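Residue numbers (the working numbering), protein chains in the order written: chain U, 153 to 508; chain D, 72 to 414; chain C, 855 to 1090; chain X, 22 to 277; chain Z, 1268 to 1559.
Below is one structure, written out as structure tokens; comments come after it.
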Amino acid sequence: AKEIRIGVSAPITGDIAALGQSTKNAALMAEEEINAKGGLKVGKEKIKVKFVIEDDENKPESTATVFQKLINQDQVLAIIGSQSSKCSNAGAPIAEAAGVPQISPWSTNPNVTKGKQFVFRACFIDPFQGKVVAMFAKNRLKAKTAAVLYDVASDYNKGIAEVFKEEFARAGGKVVAFETYTTGDKDFSAQLTKIKTANPDVLFLPNYFNEVPLQVQQAHKLGLKAKVIGSDSWDSPDLLKLGAEYLEGTYFSNHYSPDVKNPISDKFVAAYEKKFGMKPDAAGALTYDAAYIVFQAIEKAGKLDRKAIRDALAQTKGFKGVTGTITFAGSPDPVKSAVMIKITGGKFVYDSTVNP
Amino acid sequence: MHTIQPEWQIMRDRLRLGWRGYAAAGVYAALVILVMLAARYQWSIGSVELANPYYLHNLTLIGINVILVASLNLVNGYLGEFAIGHAGFLAVGAYASSVVTLLFHQSFWVALPVGALAGAVVGYLIALPAFKTFGDYLAIVTLGFNMIIVNIIQNLEVIGGPRGWGGQPKMTSFWLVAVVAGLSLIILRNLVYSNYGRVWLAIRENEIAAEMMGVDVMRYKMIAFVIAAFFAGLAGALWAHYQQYIHPSSFTYLRTTDLLVMLYLGGMASLSGSVLGVTIMTVLLESLRGVLSQFNLAEWRMVISPLVLIVIMLTRPQGLMGNREFAFVPRREEVPRREPARG
Amino acid sequence: MKLLEFLDVEVAYGAIVALQGVSFQVEEGEIVTLLGANGAGKSTTLRTISGLLPLRRGEVRLGGVDLRKLPAHEIVARGIAHVPEGRGIFANLTVQENLELATWTRKDKAQVAADFRYVYELFPRLGERRRQLGGTLSGGEQQMLAVARALMTRGRVMLLDEPSMGLSPLLVKEIFRTIGEINARGTTILLVEQNAHMALKIAHRGYVLETGRVVLAGTAAELAADPRVKEAYLGG
Amino acid sequence: MNLLEVRNLSKRFGGLLAVADFNLDLPEGALYGLIGPNGAGKTTVFNLITGVYPPTAGSVKLAGRELVGLPAHRITQRGVARTFQNIRLFGGMTVLDNIKVAFNYRTGYHLWGAVLHGPGFNAREQAITEQAYELLRLFRLESRYDQLAKSLPYGEQRRLEIARALATNPRLLLLDEPAAGMNPREVGELVELIRWVREKFQLTVFLIEHQMRLVMNLCERIQVMDFGETIAEGTPAEIVDNRRVIEAYLGEEEGA
Amino acid sequence: MYTVIIQQALNALQLGAIYALIALGYSMVYGIIRLINFAHGDIFMVGAYIGLGVALFLKPPFLVLVLVTMGLTALLGVTIERVAYRRLRHAQRMSAVITALGVGIFLENFVRAAISANPQAYPVLIAPRTLSLSGVSTTNVQLMVIGVSIALMLVLRYIIRQTMLGKAMRAVSDNKEVVPLMGINLNLIVSATFALGSALAAAGGIFYGQAYPMIDPYMGIVIGWKAFISAVMGGIGQVDGAMLGGFILGTVEVIGATFRSTLRDGIAFAILILVLLIKPTGLLGRPVTKKV
Ligand SMILES: Nc1ncnc2c1ncn2[C@@H]1O[C@H](COP(=O)(O)OP(=O)(O)OP(=O)(O)O)[C@@H](O)[C@H]1O
Ligand SMILES: Nc1ncnc2c1ncn2[C@@H]1O[C@H](COP(=O)(O)OP(=O)(O)OP(=O)(O)O)[C@@H](O)[C@H]1O
Ligand SMILES: [Mg+2]
Ligand SMILES: [Mg+2]
């Protein structure tokens, strides 16, 4: 039987395996939904969709191999992935050279799409988010001084941290401590002790959800008083499981909030919860959106041709997804709004929307 | 000595490459050409394309890893040390060559030797203090330098820092890797079957006795280490201009661990073992990928592959080819089938 | 009474057959010596008895009990005390600790204490150096410790593998004197020696091994007088 | 003319004075012995001469040139070779390669030669192989040339170790208990071998041994150590009658 | 300023104690059978998961929980030795090391595939209390981690120095061929070694879960390497050395992070290399005498 194959490159093993799992979940869900409707309508016929999901181990070198396999062995029409920017960066030259449209759900580093014809993303980029958080700290929280603790070995964390530093200073604030650690660390007390001496108004932690609880907890134990803010990497149901009490009253920026009345998002969250027994994280939601953007593009292209799909993708306009409205007009980086979420009563609660 | 002429005949022949050597080189070259032709004219059996770019990609990676593993074998197999910082030199080669092409806008043909030499120079600087220690202490010192190299890269914004660095021109191709890997293997083989290889093995077997044979142990250790670093640098330069994007996380101990597994799987002190180890590991991991993704079981790949590794090690503890070579790797004094005749 | 029996034993290291059908026996209370050139299979014989090597064929019996299926540590517990070639001292344990370990299987606390007194009396040098690490002892002292350790296992049969190797003439004499003394107190001894002169002096009987076969057997006096033995092992 | 002159050589390990004021004049072509109880410091003297340990004090001159301070491999290159009390062959290498290692500092080719395996390289390697093989022949080991050293029987390992030492082209050969673990007949053969080697290679030999048969048969003069100190020195006949030597080393009756 | 120094010292102690606990097991297995058990970090991880399971399903008192977890993890360690290492005991050293790497990767990914890739929150088994004294804050958990690991070291030290088992273990490390000739079952001693080392790692896992209450399948990798580094720095094979090494690595990392956190790893390793250059066999390692 004829089928439409779409590749997914996900970090199923390795340091962000949890994210790989939600990527896989979201992809399979999209696959199931579309096939339940008989598949995609291409030209006159309906064709079923098959996602080929491969483990890129969150390693750039493995991602390259995965892309080669997906493109040449599985003959996929498009690739969703990878999640971390370093992996998308390693895959992008391959997709570009082979003329296969690639859409990364979650790679926020500006370089990923730079100079590429075939590479897109479903999320906003680091500079935007860094600016959103800096403005929020300055204007909403009325902070005068700020401290940052981030993972120096991770491009994502570092990217946002630096934009934040710049934007916060531009807005008239002062960054009094700018501390780092390395992926896999569990003890941050040395850095936090140093931060404590600088006595900042806010502490910005643009780090992954599996590290943030330890950081806030240790900050708490050291008696740090600063308000804590974070970024989209906080978004995971596990964040609260791991340390709700210390996170009370903290804020983070995100791609979307289930609280914002949006039928698409409501439906997605409900279905996901039903199927997998947990709330989806942003990576899952973005993967789901990416899948549907690709679906739409294939149908619009009207033929199973990579170049045509790419052209259709580039014309995506006003796509309504779980994470908001996505438009690729003239740029592979969508112009999207961000939301700020506050952790209240052990829950993620929508706080405000920041438009670009 | 007239009486021992018959044995001499045998040995003299073994000193040369001999027909086996030429045959091996010929077969290798023919295979490479075949693959290239298959790629060029898209030969296929049924619907299976023979030189599918994915296969070509894996062959290319095998070639790069062969350079890495075979050179690491000098230090860990022949010299018998336990160095676990090889990924550091890979990083040096990758980044140094990228500096040449991306920052100085020079040709890749300049960058390639620069990468290798940078590896060698850094290797030399590290070997100086590292060989003051030995055994597991040497392991930690080499690991430490590897981490320091990665940490320095993370802190250098001009070369991308933790974001990684992309945009290298795609200069490395399958045929280039095939040629470079082939030449590297010939060079390593030549070294191994010379005074150097002999002395390395002697140091491995008994360092003090080697010293009593007049061996400047430190010097020979340094030579092995620097040569290994040279080839790692070379591999790094090739790799950076193949993948067109490099990231510090690709050069940590996890990468070195992969190399060690391939090395010891193939067997210590065996160049054909290194080739075999790399090939088998790559083929194993990729075929698992192929099979498992059919059933959406990608998450079991890393569960099954270590089990296979363990079973192989338990059944062949010395590695697939430990201390042995395939017959077609020409070697002096290989064991003759008959006792040498007394003349 | 036959205490130790070795019946038609074949042992191999991979493809190398080290013993090809060796038979001999040791009576209770005897000193029996095994002579042979380097590589004849003497050490292999001892290692087979104490279960360190598996048999390919044949039988080993201690007081009628088949030892073949037992692991080495149980064979020791049944009364074989083996002083290995090269002594095998635990270098980072003290003299006292080396001896204590040899009592691992023993439950008779009182007898153990008495045995400690006995060996320290037999080897006063060891008594002086109870707290010294085994590895720092001189060669002769290490040899004494190895013998003492074997005594502490309370073996009925002591297997000694070249106890005089590397010792000064004075110590060689002392070791042989001690072997005689241990035997006089009731321990049966199977002695492997290159120093055939001394071995035949204290042994009751002996066997000569050549490339894994017994080629000669007899009383010590017979062997010492045999021209072949004279030629090959006594240096003419 | 003395080939080896050792003056006031001492070595201290922590609190232990392993060698105290050791002196030796070894004439060119001589065959001397060193005996003494276990732990007397004999092997340590060899280790000091060959540069394995630096001495605490003293000097060692080979043909008038100071050896103390040189690294061990330089001392070997100057012409001092040795064997070890417990055999130290390159067990995992072939018999022939064991010998060929000794040529490492006079291969006559450099790294480039080895990398390229050019004609010069091949000629030199062949010459080395020929010389090594010739040595094996002299030691009746040629039929074993391609076996791993560790697979040889003990006696042949001893022979190989001596052959390997000779391959470094020494002027002075130090043998540490060459007869250990040999039976009397084998010792007899070893005596002949050492004599023959000395003639054939024009060597000066200094050896440590506990088997008096060998020492008395072979050595022109003997030096006796105890607790690091030299307690006697003389011809074999003088030594066997020396009271102190009998008390410390030989025991009451004549040596076995 | 003083408060910062004291605070940092406490931080260093806690981090060091965790490294030290795991380093102990590394060092012991190494000291006795010369195997760098690269799976040890993952045994620690599994120990933490077992502790979590026991806590969730049985809800026993803390002490019982620790003992049960130690027992179960010891069983795991013994099984791994039996299945994966015993056959390689007489093979060249590196074969077993590579097998250990394989076992480690297997454990990580098995736990991930079988349980979840998501990090798990660790239940609070000891009610945390923050203690503050003139600007220095610590918690009872922090003090417990430090205290218990020191206590465990003392126990281990006693076992190895004074008991027959300990003597037999040291004998195996000196000369394993001769051990059976003393009537001692070599396999039993090796199993005991793995049992002890794994049990300690399990204890480490639980204390870790109290100090950093979040565990994931890959947490053993980094900690494992650092424990290995600690063990080597202290002089591998030395129980005291492992402890010392752990504390020093903890301190060095804290100093590095305080001084310039982006270069922390670089600084930490530079210091480590320096230590090894000055004392090439680790701080408490016996100098290897090249006895000739
Ligand atoms: N571990 C081993 N592997 C292979 N062959 C061995 C091994 N040990 C001994 N052999 C061989 O078995 C034969 C008998 O050896 P064994 O050690 O029993 O001799 P031996 O009579 O004790 O000699 P020696 O006087 O040298 O101690 C020899 O040919 C020897 O090379
Ligand atoms: N590296 C070392 N460190 C500490 N002590 C040492 C070292 N080498 C030798 N010794 C000690 O020095 C003394 C002399 O040892 P040496 O090996 O020279 O004795 P020897 O005369 O050769 O004895 P044997 O006849 O038993 O071989 C001994 O007490 C020995 O323990
Ligand atoms: Mg023997
Ligand atoms: Mg000696």
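We treat Cβ as the ideally placed atom computed from N, Cα and C, and that holds for glycine.
Remember, it's a predicted structure, so these values are computed and weren't measured experimentally.
Look at residue 157/D here: in three-state DSSP terms it is helix. For residue 174/X, the Cβ falls inside the 7 Å cut-off from some heavy atom of ligand 1. Along the stretch 299 to 352 of chain U, the beta strand (DSSP E) occurs as fully enclosed runs of 3 or more residues at 326 to 333, listed in sequence order. Shortest gap from the CB of residue 896/C to any heavy atom of ligand 1: under 7 Å. Residue-level contact check: residue 228/D does not touch chain Z, since none of the beta carbons of chain Z fall below 8 Å from its beta carbon. Each residue's CA atom was taken as its position, placing residue 166/X and residue 160/U some 59 Å apart. A heavy atom of ligand 2 is found nearer than 7 Å to the CB of residue 59/X. Residue environment for residue 118/D: exposed (fewer than 16 other C-beta atoms within 10 angstroms of its C-beta). When the beta-carbon positions are compared, residue 200/X and residue 177/X stay at least 8 Å from each other. By a beta-carbon distance limit of 8 Å, residue 1048/C contacts residue 202/X. Their separation comes to about 6 Å.
Proximity of residue 143/X to chain C, defined by a Cβ-Cβ separation below 8 Å, is not satisfied. Closest option to residue 381/U, judged by alpha-carbon separation, among 359/U, 393/U, 370/U: 359/U. The DSSP assignment places 389 to 399, 415 to 428, 434 to 453 as complete runs of the alpha helix (DSSP H) inside the stretch 371 to 454 of chain U, in order along the chain (cut-off: 4 residues). For residue 867/C, the uninterrupted beta strand (DSSP E) run begins and ends at 856 to 867, by DSSP. DSSP places residue 1391/Z in the coil class of the three-state scheme, outside both helix and strand.
Residue contact with chain X for residue 326/D: absent (no Cβ-Cβ distance below 8 Å to any residue of chain X). Proximity to residue 228/X across 36/X, 51/X, 39/X peaks at 51/X, based on C-alpha coordinates. For residue 48/X, the uninterrupted beta strand (DSSP E) segment begins and ends at 37 to 48. When DSSP states are grouped into helix, strand and coil, residue 397/D belongs to the coil group. Restricting attention to beta strand (DSSP E) runs no shorter than 3 residues, the stretch 116 to 185 of chain X encloses none.
The alpha-carbon separation between residue 1520/Z and residue 347/D amounts to approximately 40 Å. Counting only unbroken stretches of 3 or more residues, no beta strand (DSSP E) element lies wholly within the stretch 240 to 265 of chain D. Residue burial is scored here from C-beta neighbours: residue 323/D has at least 16 other C-beta atoms within 10 angstroms and is therefore classed as buried. Against residue 281/D, the close residues of chain X are 111, 122, in the order they occur along the chain (beta-carbon pairs closer than 8 Å). The three-state secondary structure of residue 915/C, taken from DSSP, is strand. Non-local beta-carbon contacts of residue 213/U in its own chain, meaning distances under 8 Å to residues more than five positions away in sequence, involve 242 in chain order. Contact annotation: the stretch 148 to 161 of chain D touches the stretch 321 to 335 of chain D, with at least three C-beta pairs closer than 8 Å. Only residues of its own chain outside the window of five on either side were considered, and among them 1058, 1059, 1060 have a CB closer than 8 Å to the CB of residue 1073/C, listed in chain order. Per DSSP, reduced to three states, the secondary structure at residue 176/D is coil, with no helix or strand assignment.
Relative to the non-hydrogen atoms of ligand 2, the Cβ of residue 313/U never comes closer than 7 Å to any of them.
For the pair residue 319/D and residue 306/U, the CB atoms are not nearer than the 8 Å cut-off. Listed by position along chain X, the residues whose Cβ is nearer than 7 Å to that of residue 1048/C are 202, 203, 204.
Cβ contact annotation for residue 129/D (same chain, cutoff 7 Å, sequence separation greater than five): 353, 357, in chain order.
A direct Cα-to-Cα measurement between residue 918/C and residue 857/C gives close to 7 Å. By the Cβ criterion, the stretch 1521 to 1541 of chain Z is not in contact with the stretch 1318 to 1331 of chain Z, since fewer than three pairs of Cβ atoms, one from each stretch, lie closer than 8 Å.
Per the Cβ contact rule, the stretch 1287 to 1305 of chain Z is in contact with the stretch 1430 to 1446 of chain Z (3 or more Cβ pairs under 8 Å).
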